[in-house]
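Chains as they are written, first to last, in my numbering: chain B, 9 to 795; chain H, 9 to 795. Just so it is clear, CB atoms sit at the ideal spot from N, CA and C, and this is done for glycine as well. Data first, discussion second: the structure below is written as structure tokens.
There are 2 protein chains.
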Amino acid sequence: MIGSGPFEIDPWSIRETGLDLDRLPASESVFTLANGHIGLRGNLDEGDPHGLPGTYLNSFCELRPLPYAEGGYGYPESGQAIVNVTNGKLIRLLVDDEPLDVRYGQIRSHERVLDFRTGILTRRMDWVSPAGKAIRIESERLVSLVQRSVAAISYSVTALDQPVQLVVQSELFANEELPDSEKDPRIESALPRVLHPEVHTNDTTSATLLHSLKGTGLRMAASMEHLIAGPAGTETHSSSSDNIGRTTVVCRLAPGRTLRITKFLAYGWSSQRSLPALNDQVRAALTAARYSGWDGLKDEQREYLDAFWESADVEIEGDAQLQQAVRFGLFHVLQAGARAEGRAIPAKGLTGPGYDGHTFWDTETFVLPMLSHTLPDAAAHALQWRQSTLPLAVERAETLGFAGAAFPWRTIRGQECSGYWPAGTAALHVNADIADAVLRHVNATNDDEFERSTAVELLTATARLWKSVGHHDPAGGFRIDGVTGPDEYSAIADNNLFTNLMAQRNLRGAAAACRRHPDVASELGVDDEEIAAWDDAADAMVLPYDEKRGVHAQAENFTNHAVWDFAGTPADKYPLLLHYPYLDLYRKQVVKQADLVLAMQLCSEAFTPEQKQRNFAYYEQITVRDSSLSAATQGVMAAETGHLQLAYEYLCETGMLDLHDLAGNTSHGLHIAALAGVWSGVVAGFGGMRHLEAGLSFSPRLPQELSRITFAIRWRGRRLRVEITPEQAWYSLAEGGEMELLHHGERLTVPANSAVLAAIPPAAPVEPLRQPPGREPLVRRLREARE
Amino acid sequence: MIGSGPFEIDPWSIRETGLDLDRLPASESVFTLANGHIGLRGNLDEGDPHGLPGTYLNSFCELRPLPYAEGGYGYPESGQAIVNVTNGKLIRLLVDDEPLDVRYGQIRSHERVLDFRTGILTRRMDWVSPAGKAIRIESERLVSLVQRSVAAISYSVTALDQPVQLVVQSELFANEELPDSEKDPRIESALPRVLHPEVHTNDTTSATLLHSLKGTGLRMAASMEHLIAGPAGTETHSSSSDNIGRTTVVCRLAPGRTLRITKFLAYGWSSQRSLPALNDQVRAALTAARYSGWDGLKDEQREYLDAFWESADVEIEGDAQLQQAVRFGLFHVLQAGARAEGRAIPAKGLTGPGYDGHTFWDTETFVLPMLSHTLPDAAAHALQWRQSTLPLAVERAETLGFAGAAFPWRTIRGQECSGYWPAGTAALHVNADIADAVLRHVNATNDDEFERSTAVELLTATARLWKSVGHHDPAGGFRIDGVTGPDEYSAIADNNLFTNLMAQRNLRGAAAACRRHPDVASELGVDDEEIAAWDDAADAMVLPYDEKRGVHAQAENFTNHAVWDFAGTPADKYPLLLHYPYLDLYRKQVVKQADLVLAMQLCSEAFTPEQKQRNFAYYEQITVRDSSLSAATQGVMAAETGHLQLAYEYLCETGMLDLHDLAGNTSHGLHIAALAGVWSGVVAGFGGMRHLEAGLSFSPRLPQELSRITFAIRWRGRRLRVEITPEQAWYSLAEGGEMELLHHGERLTVPANSAVLAAIPPAAPVEPLRQPPGREPLVRRLREARE
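Shown next as structure tokens:
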């Protein structure tokens with residue numbers, strides 16, 4: 009791959025030795041602990057120095073005004089932004105009379121390890137104060153995957169060679185000052201000091217702060233409780249005020265002796281519950297956490313993760329760095345979605361404030377495929393969250409003049425928060441993406457209860473949208489005009505192929521689901537006429553194809569546009585959106601991120617293998633990958649079209665995105681969809697997994713660099729294990745009864761208790777493809793730069 | 009027509025008897041006096057009550073921030089907004105101890121008259137104070153067309169039946185409070201108290217205030233000087249402070265006696281001149297004005313207007329209201345453009361703050377055709393202003409990634425001020441519109457000096473833009489993709505027919521001009537290759553035509569879009585942009601304003617008569633005229649396609665727009681382009697005037713309602729008079745030598761000193777056309793509502 013970056017290569021952890029303060033903002037994202045409900049950025053225990061302090065509660069957000077130089081009907085007037093809530097990670101330390109601050113004194117050693125199997129972030133530092141006192145800090149931090157409201161820190165200080173006096177201040181700290189964010193439209197807006205103090209309490213070893221938000225009216229509680237194990241004479245007291253809860257421990261340590269503090273944290277928020285109820289909720293959560301104890305929490309965490317890895321692990325032989333990257337991705341997707349339960353999974357998870365903490369179509373299109381096959385309950389929860397926002401989506405559709413539901417392009421709680429409609433509201437494909445995730449989930453799980461209670465309603469609402477958005481032209485074609493597809497360097501186009509294919513799937517899926525569940529359909533007011541109209545629209549869908557060039561068109565007329573002047577675009581002008589106007593980008597053939605190529609992955613059967621070859625080659629040379637959502641998809645389709653080396657390079661790029669901070673914005677949070685894309689790159693790329701009409705299908709084929717890939721997926725109550733080597737693939741069931749699948753187009757039966765071996769047909773030779781100059785896969789560029 | 013509105017019908021004036029305070033905001037616009045440099049809204053002398061106080065200096069503007077919920081490269085960060093400057097109209101009166109305020113006491117009579125021949129606004133009021141003192145106010149106001157910096161007011165008070173004591177306060181008043189503007193994106197943003205006081209001075213009868221603007225750094229001076237004729241014992245003194253200059257006159261009047269005050273006002277502003285220089289400038293202007301005296305100023309004004317009417321008058325027999333409307337339009341276009349001299353002619357002239365005082369393409373496309381034929385110097389000045397902003401337009405083109413010049417969609421001083429690029433910056437046709445105005449002006453005037461010094465440069469810069477914006481497709485067609493045409497209910501479309509035809513004219517015009525003036529071309533770096541490339545692009549221009557429907561397409565694919573649900577759109581949902589999202593408007597066949605239909609007027613020879621018939625009928629049924637720029641053009645093309653009654657109705661609608669406040673927004677300023685459109689409706693509509701390759705052409709034909717139309721136009725040094733009756737037309741030359749023209753396609757020679765009579769061929773019968781329900785010409789709707 010591309011050589012070791014800031015972290016050591018290890019199959020099961022991210023290990024950082026030494027401390028590079030310039031990399032702190034990005035490493036805080038990498039070392040985030042979260043469970044889908046609480047997110048703690050990997051800030052140093054002592055708070056300072058920091059890149060970006062961050063503590064988040066899923067969906068706890070404040071309004072921010074969306075201003076317009078020239079307004080328009082239906083423009084959202086206020087957006088939502090995730091709030092940096094009360095920081096409970098903070099443990100400050102005074103060593104004699106010097107505060108522990110890594111910028112002063114001397115660091116003898118500093119190591120941080122995020123372990124994917126324990127789910128614990130460990131820090132170990134030997135530090136000598138400016139006055140020459142040496143101490144060792146050992147801290148462990150976890151955000152419980154089992155006790156959703158709970159996080160905990162085990163913090164110990166050891167005097168190394170001289171006696172020291174220590175003062176430890178363990179805090180809850182609300183309304184931290186945040187650094188100014190740069191002027192980049194992709195970055196969040198800082199909301200300063202929005203937490204309005206309501207109540208603060210404390211006793212000797214604990215404190216609780218309650219705050220509310222003026223705009224959204226949401227209320228939150230944060231509480232902490234400490235166990236202290238120190239030498240005789242250790243004293244502890246606590247205090248609280250509006251924005252600070254503080255437990256102070258003071259003691260003298262002889263050399264070799266240790267002060268250990270266990271800090272239990274609980275968070276809760278609500279739009280409805282009263283302050284006393286919230287207060288009791290976090291205190292109860294703390295009681296439960298203390299009852300489990302630090303070791304109990306650790307054990308539970310390990311147990312939870314063992315089960316996850318057993319279901320979800322991907323093993324890779326031949327590239328240790330890719331092995332690490334895949335597990336890093338799986339771990340963080342788990343952290344983003346595991347316990348979201350009725351809330352959205354944001355684009356950055358709970359790792360940073362990027363994109364204001366919004367969720368986009370990425371979740372359904374990139375994250376849920378992995379979750380439906382590895383942690384199906386989390387996928388179901390995410391779709392049920394969409395369902396819970398259906399009334400808002402119906403209202404939005406009405407505003408826009410459409411039937412059915414129009415889900416928001418970006419949101420935290422369901423309201424449209426996009427302040428630029430051509431690349432926001434106009435991207436109606438989000439609705440088909442949700443439907444696609446619903447269909448995939450039902451297909452993968454056979455969950456009849458989910459289908460009846462959630463799927464039919466979501467499919468119906470979105471199918472109604474498409475029926476009203478499109479119309480039949482005189483030739484009978486069903487057109488969807490003037491919408492925006494995934495590629496954000498085009499907008500407001502007619503018959504975007506991705507949108508039309510996904511809408512077609514949505515309409516057909518809704519029709520089929522309603523036919524399967526006529527009683528549910530009837531409750532939703534769906535009759536046979538409506539179902540027939542959906543099928544009719546789907547069958548008549550216009551799918552633009554350029555006969556002259558022999559390729560599909562990303563949208564009608566797209567291939568007639570001028571091709572972007574790639575040769576005249578210097579490397580420092582990427583990402584293009586920061587250096588060229590939308591006016592020019594939109595009118596030319598230049599693709600920010602896989603659009604038609606993504607359609608070929610998701611709607612595989614709409615294209616012949618030859619069309620896929622030609623389309624992929626054509627779009628490859630105009631796709632600049634200015635979005636993190638692109639490389640994974642390009643990799644999957646490179647693999648399918650036989651460009652295995654290219655697929656490998658794209659997979660590496662996706663895997664390294666945050667670990668090497670390739671886009672330079674990891675500081676604002678991890679790219680959760682790209683991290684899930686690493687899984688897709690392996691499973692859908694080299695595994696070639698597709699949901700086809702004929703059933704679950706694999707077309708495994710490895711690139712030269714890899715000698716073996718193994719992964720497991722959940723399929724309709726089964727756990728299917730797939731092991732791929734260059735010449736053959738083994739399919740076996742770790743759980744569940746016999747199943748059928750396709751292997752390179754051949755039907756295969758996997759029996760319940762033994763593996764099936766299938767040969768991998770040799771790949772047809774392919775011509776190498778061209779990317780825009782300078783936009784070759786990043787790992788190739790880095791390698792070439794080194795050579 | 010539609011029956012008398014708030015004003016009496018008179019061929020040469022607007023007369024209002026009585027005073028309707030609800031109509032005050034609109035009547036202040038109607039009664040505006042301006043000369044293209046200074047604009048004084050028709051506010052009552054005493055300031056209160058008012059709809060919207062307004063005093064403007066052409067291009068004297070302040071910056072205002074343009075905020076974006078999501079920014080983008082090349083978005084202008086600050087806009088420009090016209091400033092309500094120091095109000096010099098103000099003359100307050102205290103009658104005994106009661107202030108004159110029409111809301112109190114009793115108005116016995118109140119009359120305001122705007123006389124198009126004298127250029128004077130007269131007000132006459134008999135008022136009885138709450139205490140029972142009757143007085144008569146007679147005021148006359150003029151903004152000099154001859155002395156550009158000067159305005160003057162003659163104000164007299166007569167005691168009617170009892171002795172009264174009067175205190176008159178004649179003021180300069182800066183930073184007036186303005187009423188809040190409503191939430192309508194088409195209305196200006198109020199800039200509060202932006203005038204920063206610099207210097208104030210006064211002597212007994214005069215005062216001067218100097219202010220500056222923080223953002224633009226512009227400086228201005230306003231000065232006043234009084235002549236007072238009162239009874240013995242009249243006392244006068246003046247004072248000044250930061251924002252108020254005040255001359256106070258006090259006297260006692262016996263019944264029948266009169267106090268008369270003549271107030272001379274001078275205004276000046278500069279971006280460069282020092283405060284002392286500006287101060288001297290306005291004092292000098294005042295000296296000159298006083299030297300002329302009130303009567304001298306009046307005489308000069310009358311003389312100037314006599315000459316204008318001799319050149320420009322349009323006489324109409326058969327509809328007295330239309331006669332008044334045409335002259336009202338001519339008068340206000342004159343006021344907007346007469347003395348702009350190096351400044352823009354804004355969309356609202358200097359009659360109000362609407363659209364922030366910006367100028368748009370309207371000026372070139374709707375206003376300059378009239379000025380080139382009636383007041384050619386003013387047209388030349390307006391185009392020279394564009395030329396003066398060329399460096400900014402070149403810079404903007406560079407920002408956008410284009411060659412040549414990209415003139416702003418909306419601006420005061422040349423910088424792009426559009427805060428919504430899909431309907432702003434993307435409307436690149438403004439550049440071709442400027443070129444079109446240049447070509448028309450050269451054609452109309454044969455002004456070789458203008459062509460060499462201005463036309464070639466503007467044509468070259470805009471041709472270069474088109475060459476770089478368009479590209480050749482594989483079939484050889486020259487495409488202009490992803491731009492916005494005149495119709496603001498579509499945006500970012502490929503090959504907008506209007507844009508492509510106008511760009512074609514631009515490219516050809518530039519090529520021809522450079523060939524005629526190779527020395528000038530060479531100085532601009534134009535060589536034969538470049539000229540050939542322009543001609544080639546023009547010849548290969550893609551002009552979308554829908555074979556199936558037998559009509560041209562407003563843009564590629566336009567006619568395949570769904571037709572707007574007009575039947576389901578209630579009357580109170582117009583204008584649509586305030587009730588439906590752009591997302592839905594853009595994707596459907598619904599036209600805000602003439603786009604393709606305007607192309608048929610301006611590029612007449614690109615269409616066959618049959619195509620015009622079919623196109624006009626097709627677009628007529630989807631055009632909603634939510635813009636004031638539409639009816640005039642629809643009227644012209646209705647006349648050409650033989651729908652004379654419809655043409656007449658559209659002409660009436662255009663003529664009544666501001667006089668009857670049909671759009672409900674006359675309060676924010678008059679619609680100067682629509683007012684010029686009344687002239688076009690007559691001359692290009694019923695006169696059928698076109699600039700064709702073969703020469704100047706007329707196809708006169710009257711609607712049933714009109715018995716005679718007479719108008720004069722300037723043509724290459726000549727003054728051509730055209731008189732049209734139902735059966736025949738007379739062409740004669742009031743100035744200049746013999747000329748050729750086309751009459752209904754027949755070549756005709758007009759000798760220098762006698763009229764030529766030509767028969768008008770009978771019109772072919774036509775089928776009546778349909779408009780969207782409820783969007784028939786307004787005059788027809790009003791008539792039907794009355795019946």
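For residue 456 of chain H, no CB of chain B lies under 9 Å from its own CB, so it is not counted at the interface with that chain. The straight-line gap separating the alpha-carbon atoms of residue 786 of chain H and residue 661 of chain H is approximately 6 Å.
With a threshold of 9 Å between beta carbons, residue 453 of chain H makes no contact with chain B. Taking residue 744 of chain H as the centre and dropping the five residues before and after it, the same chain places the C-beta of 725 and 726 closer than 6 Å to its C-beta, in chain order. Per DSSP, reduced to three states, the secondary structure at residue 779 of chain B is coil, with no helix or strand assignment.
By the neighbour-count definition (other C-beta atoms within 10 Å, threshold 16), residue 457 of chain B is an exposed residue. For residue 697 of chain H, no beta strand (DSSP E) encloses it, and the DSSP letter there is neither H nor E.
Restricting attention to B/255, B/418, B/260 and B/232, the CA atom closest to the CA of residue 242 of chain B is found in B/260.
For residue 564 of chain B, the neighbours in chain H by C-beta distance under 7 Å run, in chain order, 565. For residue 568 of chain H, the neighbours in chain B by C-beta distance under 7 Å run, in chain order, 481 and 487.
For the stretch 491 to 516 of chain B, residues whose beta-carbon sits nearer than 8 Å to a beta-carbon of chain H comprise 491, 499, 500 and 502. Taken in chain order, no unbroken stretch of alpha helix (DSSP H) lies wholly in the stretch 472 to 518 of chain H with a span of 4 residues or more. Note that the C-beta distance between residue 159 of chain B and residue 339 of chain B is not below 9 Å. The continuous alpha helix (DSSP H) containing residue 660 of chain H extends over residues 652 to 664. A straight-line Cα-Cα distance of about 9 Å links residue 467 of chain B and residue 439 of chain B.
Per the C-alpha coordinates, the member of B/204, B/553, B/345 and B/382 positioned closest to residue 448 of chain B is B/382. The Cβ atoms of residue 154 of chain H and residue 309 of chain H sit closer than 9 Å to each other.
When H/392, H/391 and H/418 are compared, the shortest CA-CA separation from residue 404 of chain H is found for H/418. If you check each beta-carbon in the stretch 82 to 99 of chain B against every beta-carbon of chain H, the ones closer than 9 Å belong to 82, 83, 84 and 87.
With respect to chain H, the C-beta atom of residue 368 of chain B has no partner C-beta closer than 9 Å. From the beta-carbon of residue 430 of chain H, the residues of chain B found nearer than 8 Å are 430 and 500. The three-state reading of DSSP puts residue 143 of chain H in strand, counting E and B together. Here the stretch 16 to 32 of chain H makes contact with the stretch 51 to 63 of chain H; the two share three or more CB pairs at distances below 8 Å. For residue 645 of chain H, no beta strand (DSSP E) run applies; the uninterrupted alpha helix (DSSP H) run containing it begins and ends at 639 to 648, by DSSP. Restricting attention to H/87, H/295 and H/121, the CA atom closest to the CA of residue 223 of chain H is found in H/87.
Annotated three-state conformation of residue 39 of chain H is coil, per DSSP. Taken atom to atom, the span from the alpha-carbon of residue 668 of chain H to that of residue 433 of chain B is near 39 Å. When Cβ-Cβ separations below 9 Å define contact, residue 590 of chain H makes contact with chain B. Under the 9 Å criterion on CB atoms, residue 78 of chain H is classed as interfacial with respect to chain B.
Identification of residues in the stretch 420 to 444 of chain H having a C-beta nearer than 7 Å to some C-beta of chain B yields 427, 428, 429, 430, 433 and 434, given in sequence order.
Unbroken beta strand (DSSP E) runs of no fewer than 3 residues, entirely contained in the stretch 259 to 331 of chain B, are found at 266 to 278 and 322 to 325, following chain order. The C-beta of residue 752 of chain H comes no closer than 9 Å to any C-beta of chain B. If you ignore the 5 residues before and after residue 125 of chain B, its C-beta comes within less than 6 Å of the C-beta of 20 and 313, all in its own chain and listed in chain order.
Chain-ordered listing is empty here: chain B has no CB closer than 8 Å to the CB of residue 582 of chain H, the nearest sitting near 13 Å.
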